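Colleague:
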Amino acid sequence: MIRSSLLLWVLLSVNLLFSQQPVPYKITGTVTDNSTDEPIENVHIVVESQKQGTTTNDLGQFTLYITKLPFTLRFSHVSYESYSLKFDYPPERHLEISLIKKTSLLNEVVIVNQKIDTIFKDDFYSVLDYETLDQGILLLIYKARLSRSELRLLDYSGNHKLTLPLLPGKPLALFRDCLGNAHIITKTRVYQVHLTDEYIKLYQGEDVAEFLSTMEGCLFRIDNKLYFEKLYDFDFVKKLYYFNTLDSSYHDFTLMVDQDKIDMLFDNPGDFNIFSNFDNSPNIGNLTGTPGDYAILDNIRDLEAEQRFNKMVYYSPINAPVKKLGDSICVFNHSSNSLDIYGVNDSLVLSTEIAYHLEEKHNPLTTLIRSVAPRKKWLGEVYTDPIKGKMYTLFQNLNGTRDLEEINLLTGATQYKITIPYPFVEKVNIYNGWIYFIYKGWGESVRKKLFRQQI
Numbered sequence: 006m007i008r009s010s011l012l013l014w015v016l017l018s019v020n021l022l023f024s025q026q027p028v029p030y031k032i033t034g035t036v037t038d039n040s041t042d043e044p045i046e047n048v049h050i051v052v053e054s055q056k057q058g059t060t061t062n063d064l065g066q067f068t069l070y071i072t073k074l075p076f077t078l079r080f081s082h083v084s085y086e087s088y089s090l091k092f093d094y095p096p097e098r099h100l101e102i103s104l105i106k107k108t109s110l111l112n113e114v115v116i117v118n119q120k121i122d123t124i125f126k127d128d129f130y131s132v133l134d135y136e137t138l139d140q141g142i143l144l145l146i147y148k149a150r151l152s153r154s155e156l157r158l159l160d161y162s163g164n165h166k167l168t169l170p171l172l173p174g175k176p177l178a179l180f181r182d183c184l185g186n187a188h189i190i191t192k193t194r195v196y197q198v199h200l201t202d203e204y205i206k207l208y209q210g211e212d213v214a215e216f217l218s219t220m221e222g223c224l225f226r227i228d229n230k231l232y233f234e235k236l237y238d239f240d241f242v243k244k245l246y247y248f249n250t251l252d253s254s255y256h257d258f259t260l261m262v263d264q265d266k267i268d269m270l271f272d273n274p275g276d277f278n279i280f281s282n283f284d285n286s287p288n289i290g291n292l293t294g295t296p297g298d299y300a301i302l303d304n305i306r307d308l309e310a311e312q313r314f315n316k317m318v319y320y321s322p323i324n325a326p327v328k329k330l331g332d333s334i335c336v337f338n339h340s341s342n343s344l345d346i347y348g349v350n351d352s353l354v355l356s357t358e359i360a361y362h363l364e365e366k367h368n369p370l371t372t373l374i375r376s377v378a379p380r381k382k383w384l385g386e387v388y389t390d391p392i393k394g395k396m397y398t399l400f401q402n403l404n405g406t407r408d409l410e411e412i413n414l415l416t417g418a419t420q421y422k423i424t425i426p427y428p429f430v431e432k433v434n435i436y437n438g439w440i441y442f443i444y445k446g447w448g449e450s451v452r453k454k455l456f457r458q459q460i
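Note that the sequence shown covers residues 6 to 460 in our numbering.
1. I'd like to know if the segment 181 to 189 and the segment 219 to 230 are in contact, where contact means that at least 3 CB-CB pairs between them fall below 8 Å.
2. Have a look at D284 and K91 and give me their C-alpha separation to the nearest angstrom.
3. By alpha-carbon positions, which one of L169, H82, L399 and R79 ends up nearest to E411?
4. Taking Cβ positions, are I32 and P75 nearer each other than 9 Å?
5. Please state the DSSP three-state secondary structure of L111.
6. Exposed or buried, Q401, counting other C-beta atoms within 10 Å across all chains shown (16 or more means buried)?
7. Go through its chain and collect everything with a Cβ distance to E86's Cβ below 8 Å, but skip five positions before and after it.
8. For the candidate residues D63, K73 and D42, whose alpha-carbon lies nearest to that of V52?
9. Kindly provide the ranges of any beta strand (DSSP E) runs that are 3 or more residues long and lie completely inside the segment 210 to 287, ordered along the chain.
10. Could you tell me the boundaries of the beta strand (DSSP E) in which W447 lies?
11. Considering K422, what are the terminal residues of the beta strand (DSSP E) in which it resides?
12. In this structure, does DSSP put L384 in helix, strand or coil?
13. Spatial neighbours of T123 within its chain, please: C-beta separation below 8 Å, excluding the five flanking residues on both sides.
14. Taking its Cβ as the centre, do 16 or more other Cβ atoms sit within 10 Å of T61, making it buried, or is it exposed?
15. Are the Cβ atoms of S341 and V262 separated by less than 9 Å?
16. I need the straight-line Cα distance from V114 to R98, nearest angstrom please.
17. Which class does D38 belong to by DSSP, given the choice of helix, strand or coil?
18. If distances are taken between C-alpha atoms only, which option among V318, Y347 and L171 comes closest to D332?
19. Mind checking which residues open and close the beta strand (DSSP E) that includes Q57?
20. Compute the beta-carbon to beta-carbon distance between F125 and L144, rounded to the nearest angstrom, for a pair I have assumed lies under 8 Å.
21. Give the straight-line distance between the Cα atoms of Q66 and I190, rounded to the nearest whole angstrom.
22. Just the C-alpha distance for L179 and I142, rounded to the nearest angstrom, thanks.
23. What whole-angstrom Cβ distance do P322 and D240 have, given they're in contact under 8 Å?
24. May I have the straight-line CA-CA distance separating I359 from H339, to the nearest angstrom?
25. For G65, would you say it is in contact with chain D, using Cβ-to-Cβ distances shorter than 9 Å as the test?
26. Are there 16 or more other CB atoms within 10 angstroms of the CB of V48, so buried, or fewer, so exposed?
27. With DSSP as the reference, please indicate the residues paired to S343 in a beta bridge.
28. Buried or exposed: where does D212 fall if 16 or more other Cβ atoms within 10 Å of its Cβ makes it buried?
29. Under a Cβ-count criterion, where at least 16 other Cβ atoms within 10 Å of its own Cβ denotes burial, should D351 be classed as buried or exposed?
30. For L236, which of N434, P326, L133 and L171 has the nearest alpha-carbon?
31. Nearest-angstrom Cα distance between Y441 and Q197?
32. Under a Cβ-count criterion, where at least 16 other Cβ atoms within 10 Å of its own Cβ denotes burial, should P44 be classed as buried or exposed?
33. In three-state terms, what does DSSP make of V51?
34. Please report the distance separating the alpha-carbon of Q459 from that of Y70.
35. Looking only at its chain, what residues have a beta carbon closer than 6 Å to the beta carbon of L355, apart from the 5 residues adjacent to it on each side?
36. Which residues mark the beginning and the end of the beta strand (DSSP E) in which V327 is found?
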């Protein structure tokens with residue numbers, strides 16, 4: 006009897022002890038623009054007075070684990086007003102957070118001697134996305150909310166051609182696939198756009214995850230060859246291959262390797278273990294719903310933070326964009342500082358050295374608009390003008406403006422062409438000697454507009 010009473014006392018004491026230990030609470034949410042409902046990427050969410058936090062993904066979503074009550078979440082973004090929210094108890098539902106855009110960030114840049122055309126500007130509609138097609142510019146616009154979106158087809162001077170006023174769901178973006186077809190993407194469905202001379206219509210939608218999985222890695226088509234790319238080995242190796250659409254046969258094309266990063270990873274076993282998880286590092290699957298989860302979550306957060314830092318600073322994926330230029334294929338292997346051009350029958354016709362990406366540059370052709378920020382940061386992208394048959398790349402100045410430089414495909418050198426005078430423009434495309442981009446400007450009531458600038 007005494008032994009049973011003692012056992013009961015021990016069990017009650019243990020339960021009381023565990024009940025006093027912190028138990029992690031999972032918190033999820035989405036952060037959107039207060040005026041447009043657009044998801045906001047890279048919002049920093051910090052648990053005030055606690056050493057933990059996270060950032061939103063491209064859909065504005067985030068996940069946090071909280072162990073102490075009460076707590077305060079602080080949401081901050083360079084383009085939005087910060088916002089704090091205090092909780093005495095864990096929220097029972099998915100959080101929906103709206104941030105207000107800052108009314109002013111930088112002084113407007115004075116534009117001189119720049120040939121810039123306004124393709125689309127409206128007092129009520131804002132540009133969400135666009136694609137340059139053979140038929141013209143396909144424009145996705147919305148009025149106040151994403152649920153009030155429509156499609157418009159313009160010619161390349163901005164003249165209206167066609168309109169589709171009612172769109173399903175809340176469109177997030179346009180997508181042009183490797184066959185040249187345009188699609189509307191929502192959170193759950195994808196709809197292919199069909200254009201005629203008289204109307205725009207949408208085909209029946211399909212699941213967005215299945216669609217993106219099917220299209221993953223598909224680059225372009227040349228005659229009867231459909232080209233794909235795929236990353237391997239911690240994203241340090243890229244393989245280019247194609248399928249022959251006549252007989253469905255598979256063919257390897259070329260392999261690009263960032264050998265320096267592979268060597269660095271194998272020379273640092275600690276980093277290799279984190280990337281490969283060969284050391285049986287803790288993960289979410291180890292959680293048991295007991296107070297011991299607190300230590301596991303701390304270890305997971307530490308490892309994830311270290312992995313993110315290493316990937317960002319030391320182990321970024323191989324930068325080797327593959328571009329179609331007529332019937333030729335241009336492989337810009339920035340990791341090995343080389344440009345390879347392949348012609349008919351998959352033959353290598355030219356290989357040259359490139360160095361424009363290696364360091365920030367000071368351009369001697371200083372203009373009034375560029376004199377305040379002569380140092381430039383390479384933005385890591387290569388652009389094709391399919392009509393003129395030219396290649397370009399972009400550098401960003403300290404004031405947010407961007408310099409366009411043409412890549413000489415014979416020598417690999419670049420030549421300065423123009424400066425986009427607006428800071429931090431979005432969605433750059435080049436078509437027939439013009440560079441197209443979206444720009445909003447500062448102010449809550451200002452709408453995003455589509456411009457083009459002659460090269």
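Every residue, glycine too, gets a C-beta built ideally from N, C-alpha and C.
None of these values were measured; they are calculated from a predicted model.
Modeller: Taking the structure as given:
1. With the rule of 3 Cβ pairs closer than 8 Å, the segment 181 to 189 counts as touching the segment 219 to 230.
2. Residue placement at D284 is poorly supported in this model, since its pLDDT is 49, which falls under 50; the coordinates still yield a value, given next. Between D284 and K91, the C-alpha separation is close to 38 Å.
3. The residue with the shortest Cα to Cα distance from E411 is L399.
4. Not in contact: I32 and P75 (Cβ atoms no closer than 9 Å).
5. Confidence in L111 is poor, its pLDDT being 42 and thus under 50, which makes the residue's placement too unreliable to answer from.
6. Its Cβ being crowded by 16 or more others within 10 Å, Q401 is buried.
7. Sequence-distant partners of E86 (beyond 5 residues in either direction) whose C-beta falls short of 8 Å from its own C-beta, in its chain, are L104, I105, K106 and K107.
8. Checked all of D63, K73 and D42; the closest Cα to V52 is K73.
9. Listed in chain order, the complete beta strand (DSSP E) runs (minimum 3 residues) inside the segment 210 to 287 are 223 to 227, 230 to 237, 242 to 249 and 254 to 262.
10. Looking at the DSSP string, W447 is not in any beta strand (DSSP E), and its letter there is neither H nor E.
11. Secondary structure note for K422: its beta strand (DSSP E) is the uninterrupted segment T419 to I425.
12. Reduced to three states, the DSSP call for L384 is strand.
13. Non-local beta-carbon contacts of T123 in its own chain, meaning distances under 8 Å to residues more than five positions away in sequence, involve G163, K454, L455 and F456 in chain order.
14. Counting of Cβ neighbours within 10 angstroms places T61 among the buried residues, the total reaching 16 or more.
15. When the beta-carbon positions are compared, S341 and V262 come within less than 9 Å of each other.
16. With a pLDDT of 41 at V114, under the threshold of 50, the modelled position of this residue cannot be trusted; read the value that follows with caution. If I take the Cα positions, the gap works out to 44 Å.
17. It is a strand residue.
18. Checking every option, the nearest Cα to that of D332 belongs to Y347.
19. Note, Q57: premise wrong, no beta strand (DSSP E); not H, not E.
20. In this structure, F125 and L144 form a Cβ contact; the two beta carbons are roughly 6 Å apart against a cut-off of 8 Å.
21. Between Q66 and I190, the C-alpha separation is close to 17 Å.
22. Straight-line Cα distance between these residues: approximately 12 Å.
23. A Cβ-Cβ distance of about 4 Å is found for the pair P322 and D240, placing them in contact under the 8 Å criterion.
24. About 8 Å.
25. Among the chains in the structure shown there is no chain D, since it carries only a single protein chain.
26. Result: buried.
27. Per DSSP, N338 and E358.
28. Around the beta-carbon of D212, fewer than 16 other beta-carbon atoms lie within 10 Å, marking it exposed.
29. In the assembly as shown, D351 is an exposed residue. Its beta-carbon has fewer than 16 other beta-carbons within 10 Å.
30. A check of alpha carbon separations from L236 across N434, P326, L133 and L171 identifies P326 as the nearest.
31. Y441 and Q197: Cα-Cα distance of roughly 23 Å.
32. The residue is buried, with at least 16 neighbouring Cβ atoms inside 10 Å.
33. Residue state, collapsed to three classes: strand.
34. Near 50 Å, if we compare the C-alpha coordinates of Y70 and Q459.
35. Answer for L355: I346, listed in chain order.
36. Residues V327 to L330.
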